[in-house]
Amino acid sequence: MYKLQNGVHGEVISVLNTVSGASVPFDPNNTNYQAYLKWLEEGNTPLPAENT
Amino acid sequence: MSQLQVNRINDASGGVLAPISSVMRNRIINGAMLVNQRGGTVTGNDGAYGLDRWKASCVPDGKFTMQQSSTAPTGFINSLLVTSTSAYSVTSTDFIGLRQDIEGLNCTDLGWGTAQAKTVTLSFQVYSSLTGNFGGSLFNNAGNRSYPFSYTISSANTWTTVSVTIAGDTSGTWLTTNGRGICVFFSLGAGSSNSGTAGAWAGSFLAQPTGSTSVVGTNGATFYITGVQLEVGTQATSFEYRQYQQELALCQRYAIKWGGNSVYETFASGLSFNSTTAWVCVAYPVEMRATPSVEAGYANISVTTGGASNIAATNVAIGYSGTKAAGLLVSVASGLTSGQATIFGANNSTSAKLVLTSEL
């Protein structure tokens, strides 16, 4: 399960893995992000971000 | 002028005194198990890191623990200790072990996946409460090329030196990028579907040779390993000792921990964006492999501004970041003032920690 995280300008800047607790950047070389992309490919949808 | 051409210098008994190549001879990082930024005893869940660069790689999770140990052979002061937490009987699709992934950028000279693939030698020292034939494997990023290797521990609770020479793989795809180049796996138990013939390349993932001893099959069994070295050539040379700061810096390309030095240790400075969010800049001591994640488990950290001291942080999100520095968004319940400078750090605790990771 993942939850999007907003930046200071209201844009989405990262995603929280709600199981592990890791905050994951949108970097294709980051292996946590690669796992997130795989999770999306399986048809899942992240929870929306809360306002910063 | 005469010229002397040698590959190494041996002593009278054939031991290698001086390998000629001494720069990046060992492709393994933290092979002496010295660097342990996270600390503590870690449950062997898939992807969990114990000592730096060494992680559990397993299906299923939770069959062992791993920690740094001061039990070590001559020439070393540390090892990585694995302790089996049950008498687990592996099923056919299980694989349980320790693993280090070597970055592809550190394998660019090996030529694996080509006809010019170089032979490598893996050496290490092990000590176990069990005896028998043990195993492991080398495999590629895709897990569709692997080489199971076998070694024997004849005497329990005795350090045993192991050396395995592996002809480089002339097939498959082996990354030479900042992704996984070569994965080195030490098996603690694997099922029949993940076991195969020792000493030969296979076109699938194999964790170990068939029939290898299962460490996780004996409750309380111990397995120590140190002095791990993977080098080009057909013979194991002496372990490549590096200065501690050099080894630490190599580890920090993949994980950096702040905290533990003093109760109000400063990690970074920044700016309060509003009453509940501070935007702080953390500079890394070395360039990281990729933009890092904020690892779970950050604790006892706070933000201090001009008007309020040590406001406990409730969340830390990776934000405007790269491989040289991170822009973290630190949340608090309340108490910040927009526009004020902030200090981000430990909240009256040496247990405070923040770990950024770009592991493979």
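Line by line, the protein sequences give chains A and B. By this note's numbering, the letter at position 15 of the first sequence is numbered 15, and the numbering carries on one by one without gaps. By this note's numbering, the letter at position 114 of the second sequence is numbered 114, and the numbering carries on one by one without gaps. For every residue, glycine included, the Cβ atom is placed at its ideal position computed from N, Cα and C. These numbers come from a predicted model, not from an experiment.
Which of helix, strand or coil DSSP assigns to residue i
{"i": "Gln5 of chain A", "result": "strand"}
{"i": "Lys38 of chain A", "result": "helix"}
{"i": "Ser69 of chain B", "result": "strand"}
{"i": "Asn32 of chain A", "result": "helix"}
{"i": "Ala200 of chain B", "result": "coil"}
{"i": "Val162 of chain B", "result": "strand"}
{"i": "Tyr49 of chain B", "result": "strand"}
{"i": "Leu105 of chain B", "result": "helix"}
Residue-chain proximity (residue i, chain B), Cβ-Cβ < 8 Å
{"i": "Val24 of chain A", "result": "yes"}
{"i": "Thr31 of chain A", "result": "yes"}
{"i": "Val8 of chain A", "result": "yes"}
{"i": "Gly43 of chain A", "result": "no"}
Min CB distance residue i to chain A below 8 Å
{"i": "Val316 of chain B", "result": "yes"}
{"i": "Trp54 of chain B", "result": "no"}
{"i": "Trp258 of chain B", "result": "no"}
{"i": "Asn178 of chain B", "result": "yes"}
{"i": "Ala294 of chain B", "result": "Residue identity check: residue 294 of chain B is Val in the sequence provided, not Ala. Closer than 8 Å: yes."}
{"i": "Gly39 of chain B", "result": "no"}
{"i": "Ser358 of chain B", "result": "yes"}
{"i": "Tyr284 of chain B", "result": "no"}
{"i": "Ala333 of chain B", "result": "no"}
{"i": "Thr337 of chain B", "result": "no"}
{"i": "Gly297 of chain B", "result": "yes"}
Member of the options whose CA lies at the smallest distance from the CA of residue i
{"i": "Val126 of chain B", "options": "B:Thr304, B:Val42, B:Ile153", "result": "B:Ile153"}
{"i": "Val82 of chain B", "options": "B:Gly211, B:Val215, B:Gly136, B:Ala268", "result": "B:Val215"}
{"i": "Thr305 of chain B", "options": "B:Glu247, B:Tyr264, B:Gln340, B:Leu354", "result": "B:Gln340"}
{"i": "Thr342 of chain B", "options": "B:Lys353, B:Ala352, B:Leu328", "result": "B:Leu328"}
{"i": "Gln71 of chain B", "options": "B:Ser128, B:Gly136, B:Gly135", "result": "The question names Gln, but residue 71 of chain B is Thr in the sequence shown. Among B:Ser128, B:Gly136, B:Gly135, the Cα nearest to that of Thr71 of chain B belongs to B:Ser128."}
{"i": "Thr93 of chain B", "options": "B:Gly47, B:Phe205, B:Arg99, B:Ser79", "result": "B:Phe205"}
{"i": "Ala283 of chain B", "options": "B:Gly319, B:Leu271, B:Arg242, B:Ala325", "result": "B:Ala325"}
{"i": "Gly307 of chain B", "options": "B:Arg289, B:Ser334, B:Asn261", "result": "B:Ser334"}
{"i": "Val12 of chain A", "options": "A:Ser20, A:Tyr36, A:Phe26", "result": "A:Phe26"}
{"i": "Ala22 of chain A", "options": "A:Glu50, A:Ala49, A:His9, A:Tyr2", "result": "A:Tyr2"}
{"i": "Ser84 of chain B", "options": "B:Thr41, B:Thr121, B:Pro73, B:Leu122", "result": "B:Thr41"}
{"i": "Thr291 of chain B", "options": "B:Thr314, B:Phe76, B:Phe95, B:Ser358", "result": "B:Ser358"}
{"i": "Ala299 of chain B", "options": "B:Arg289, B:Glu287, B:Lys353, B:Asn261", "result": "B:Lys353"}
{"i": "Phe95 of chain B", "options": "B:Gly191, B:Ser212, B:Thr222", "result": "B:Gly191"}
{"i": "Phe223 of chain B", "options": "B:Gly189, B:Ala117, B:Val355, B:Met288", "result": "B:Gly189"}
{"i": "Gly47 of chain B", "options": "B:Ala32, B:Met66, B:Leu34", "result": "B:Met66"}
Own chain partners of residue i with C-beta closer than 8 Å, once the 5 adjacent residues on each side are dropped
{"i": "Pro285 of chain B", "result": "Ala249, Gln252, Ile256"}
{"i": "Phe105 of chain B", "result": "At residue 105 of chain B the sequence reads Leu, which differs from the Phe that was named. Excluding sequence neighbours, Leu105 of chain B sits near Thr176, Thr177, Asn178, Gly181."}
{"i": "Phe369 of chain B", "result": "As displayed, chain B neither begins before 1 nor continues past 360, which places residue 369 of chain B out of reach and without an answer."}
Close Cβ partners of residue i (< 7 Å) along its chain, the five nearest in sequence each way excluded
{"i": "Val263 of chain B", "result": "Ala346, Asn348, Ser349, Thr350"}
{"i": "Arg53 of chain B", "result": "Ile29, Asn30, Gln100, Cys251, Tyr254"}
{"i": "Tyr33 of chain A", "result": "Val24, Pro25, Phe26, Asp27"}
6 Å CB neighbourhood of residue i in its chain, flanking five on each side removed
{"i": "Thr161 of chain B", "result": "Gln125"}
{"i": "Ser123 of chain B", "result": "Ser163, Gln229, Ala236"}
{"i": "Glu240 of chain B", "result": "Arg25, Asn26"}
{"i": "Thr108 of chain B", "result": "Thr176"}
Q) Would you call the stretch 176-185 of chain B and the stretch 88-106 of chain B touching, i.e. three or more CB-CB distances under 8 Å? A) yes
**Q.** the stretch 131-141 of chain B / the stretch 152-167 of chain B touching (three or more Cβ pairs under 8 Å)
**A.** yes
Q.
For the stretch 56-65 of chain B against the stretch 75-91 of chain B, do three or more pairs of beta-carbon atoms, one drawn from each stretch, fall closer than 8 Å, so that the two count as touching?
A. yes
Q) Between the stretch 271-280 of chain B and the stretch 231-239 of chain B, do at least 3 Cβ pairs fall closer than 8 Å? A) no
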